[in-house]
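Here the sequence shown stands for residues 2 to 787, numbered as in our numbering.
One structure below.
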Amino acid sequence: MMILVLKKASFYFLRAKQINLIAEDELYIDIFQRSSEQLSSKLNQLSSLFEENFSTLAFSDFSAEKPTIKQDLLLYSQNFADIIISQILSIELKRGDLPTKYTKLINNIKQIKGIHYFVDILTALGKSKLKNISYLWSEVTNKDSIFSYLLSICKPKKDETAKDLKAYLKDKSISNIRLIEACMFSPSWIPLVDKILKWKGFFSGCYYFLAHMRYADKKLAATFAKYTPISIEDLRDGAFDLDWFKSCYKQLGKERFAILYDAAKYISEGNAHTRARKYADATNGLFSADEVKAQIIEKRNKDLLMAYGLIPLSKSGKITKTAQKEILKRYIFIQQFHKESKKFGSQRQSSENLACKIALNNLAKNAHFSNTFRFILNMETQLIKNQQQYFEPKELENISIYLQVDEYGKTSIICQKQNKQLKSVPSKIKKEPYYLALKQAKNEFIDQYRRSKIMFEQAMENSTLFLADEITLLNQNPILKPLLQNLVFIHDNDIGYFQNNSLISPTKDIIKLNADDKIRIAHPIDLYKSNLWHIYQQDLFTRQIKQPFKQIFRELYLKIDDELNSAQSHRYDGYQIQPQKTQAVLKTRNWIASYYEGLQKVYYQENIIATIYAAVDWFTPADIEAPILEYVSFYDRKTFKDILIKDIPDIIFSEVMRDVDLAISIAHVGGVDPETSHSTIQMRKAILEFTLPLFKLNNVSLNDNFAIIKGNLADYSIHLGSGLVHQMAGAEIAISVVPSQHRGRLFLPFVDEDPKTAEIITKVLLFAKDNDIKDPFILNQIKVVK
């Protein structure tokens, strides 16, 4: 059977012949006695015969007749198409090096079905190599390319069996290796060839290679699902099923697997198949870890990075002490690769971050961990254990030197002489091997703090669950403890700080936890729903606690009724943004630019893609009018169908809107201050509400976006976004700000630098006691009215 295409007028010829109004010769005249361009057009259109909606399109003129007439005509037309294509291929498959009169028409044939075509094509190919061609241009006429194209579009009929194929192969000089190559080239033949070869593991082995290539065919997803729980999307990204590989390799054996390995080069055009080969080579120990590491450093090859973790850790396969050291060594290297990716653009950074994620997954599997997140926590703890000695004082040239971690997790080198701390490291010990090792350890701990801080913030955003016992263990890590001790956790409906395997509330209520109780880092949405948010904010100020990242004072965004039944949020419509600046801001929040969809953020676990859409080319800087933001939308990562906002998890919605608000506030064209987002103003209001009582100030009120101050000399208003100061019924008061002057003097409940917030709060405190102002520049601008 053939898939071809005829003009609609030709169906009248077919219908006329079906009811014997014309002779069969008239049909052949209609097809062949025309110019080559007309014949090409007819062949190109006939493929519509096999489309699902064909009968409602091409046979619409026959709608008045019985429904069976349409179906009969369709079958009659398909049989006629098969006759036409048989005639063309009978000539083409017997050609030599020179083209036939039909050669340039072959690219108009979109599909052929039948074992006889399959065998005839392989026979005609002989020992010629197959050529991967994604599209056959009419100008291509060489024999190998034409026959390879025909093989790629050739499929078995539904009723054909392995017995039929075996009968056609009889007396044909087609080897088993050629059949295997044909299967990789045209996978629809795998089931029949599998039954002929009867190789144990052949079917699984073929699909292993097809699944682990860069552009795995989504049509084969159902078949892949029989062997792996990994989704087709994750397989395309580079995920690897170690158990599947080991199973098919064990069944096939070394020699037969090698045959499939060699045939895999025919899977696709280019080198898309090499990822599956690299994974196989790495798992089988054909790669040297040191050599692969050197190649990764030289070429930043992502496929090699993902394969790096699969290289055997020991000859026995057991996790020995040497293997544990190797695991830690590879973990540090992958994290270093991830750190270096930050110097590249957003798209490359995104692809390298994904490669690092998969590399860690592969390393975790190889190290016999079932969960990658727990593997990472284990590695971070192991890093500290291996370098514990650096926290103990050591004498060098009568100087005691060691590492110290402060209450905020900052690691520093401490030098003491005669029990007195030195301000700097003496030059005489800076070349000592121990000092150099100590300095290296310090840098590693700084990197560990940075990684862990990001990891725990992401854990909050992703609602990652921890066992209570795991948090207890992590609190023994001097680097991680400062990160965890001031965070608020939630277990079911109980909320509190984690201490001694318990959750402790600001009112000192204690909720005891079992070792296997599951807890997570609370998000502001949890505190909002529990009506405890204000209490925890007050507690941070009362006890002067700094959190490692914004948690209690994090900006929160709630869904509004008008958005719930839509997949798009229009709350930021109309804002003009600077494209390059927007990208720069959001790439640190895992957003990437798409040519077609705008800026995207992918939530792999929830299979959600968030998109910021504006009519702009994100890739070409242009000196044109700044684009206008149109909407923020959500859709499914696998089906690409819209997801209603009411079905988006509250935390994901809040974090996406927070990112958009941040981008608008920083990259807005309208000259707005970089920190004027609505949520930031609300955060500053909350901080002022707790700060003012500490300074016993009762002459400041917070109205809308302003702090209104009733001073002793005059009344003032300070904008909580821009920080601009105006005298009421007067002019703006210009103040020259030195950014570093407030740092360390004013308490903010989070470690992240926020100089604008510090500046605004300082201005409020300054003008609340305006009679204490000594600066003549400021006093000269105040018009005293009291």
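We put the beta carbon where it would ideally sit given N, CA and C, even for glycine.
Approximately 26 Å separates the beta-carbon atoms of residue 241 and residue 190; this is outside 8 Å, ruling out the contact. Under the 10 Å beta carbon count, residue 110 is surrounded by 16 or more other beta carbons and is classified as buried. The beta-carbon distance between residue 480 and residue 385, rounded to whole angstroms, is 6 Å. This is short enough to meet the 8 Å contact definition. Look at residue 369 here: in three-state DSSP terms it is coil, with no helix or strand label.
Distance from the CA atom of residue 549 to the CA atom of residue 604, rounded to whole angstroms, is 24 Å. Within the same chain, 126, 131, 132, 133, 134 and 186 come within 8 Å of residue 149 by CB-CB distance, once the 5 residues on both sides are set aside.
In the displayed model, residue 80 falls within a helix according to three-state DSSP.
Runs of the alpha helix (DSSP H) lying entirely within the region 101-143, each at least 4 residues long, are 116-126 in chain order. For the set 516, 496, 519 and 517, the Cα lying nearest the Cα of residue 510 is the one of 496. A direct Cα-to-Cα measurement between residue 93 and residue 104 gives close to 7 Å. Contact check for residue 529 and residue 557: beta-carbon distance about 6 Å, within the 8 Å limit, so the pair qualifies. With respect to residue 233, residue 217 sits close: the two C-beta atoms are nearer than 7 Å. In the displayed model, residue 716 falls within a strand according to three-state DSSP. Excluding five sequence positions before and after residue 706, the CB atoms of its chain that fall closer than 8 Å to its own CB belong to 682, 720, 721 and 722, given in chain order.
Sequence-distant partners of residue 313 (beyond 5 residues in either direction) whose C-beta falls short of 6 Å from its own C-beta, in its chain, are 286. A straight line joining the alpha-carbon of residue 699 with that of residue 709 spans about 11 Å.
In summary, residue 250 is buried, with 16 or more beta-carbon neighbours lying within 10 Å of its beta-carbon over all protein chains present. Residue environment for residue 493: exposed (fewer than 16 other C-beta atoms within 10 angstroms of its C-beta). If you draw a straight line from the Cα of residue 356 to the Cα of residue 227, it is about 25 Å long. In the structure shown, the three-state DSSP call for residue 611 is strand. In the three-state reduction of the DSSP assignment, residue 652 falls in the helix class. In this structure residue 465 touches residue 521 by the C-beta definition: roughly 6 Å separates them, less than 8 Å. Relative to residue 406, the option among 351, 513 and 447 whose CA is nearest is 447.
Cβ contact annotation for residue 353 (same chain, cutoff 6 Å, sequence separation greater than five): 342, in chain order. In the DSSP assignment, residue 497 is bridged to 490. The C-alpha of residue 667 lies about 9 Å from the C-alpha of residue 579. Setting aside the 5 residues that flank it on each side, residue 117 is surrounded in the same chain by 169, each with a C-beta closer than 8 Å to its C-beta; the list follows chain order.
Burial check for residue 490: the Cβ neighbour count within 10 Å reaches 16 or more, so the residue is buried. If you check the CB distance, residue 552 and residue 687 do not come in under 7 Å. Around the Cβ of residue 178, a 10 Å sphere holds fewer than 16 other Cβ atoms; the residue is exposed.
With respect to the 7 Å criterion, residue 518 and residue 568 are not classified as neighbours on the basis of their beta carbons.
Considered as a whole, the region 228-255 harbours 233-238 as its complete alpha helix (DSSP H) runs of no fewer than 4 residues, in chain order.
If you compare the alpha carbons of 628, 311, 238 and 214 with that of residue 274, the shortest gap goes to 214. The straight-line gap separating the alpha-carbon atoms of residue 505 and residue 436 is approximately 41 Å. Residue 210 sits buried, since 16 or more C-beta atoms from the chains shown fall within 10 Å of its C-beta. Ranked by Cα distance from residue 486, the options 541, 96 and 525 are led by 541.
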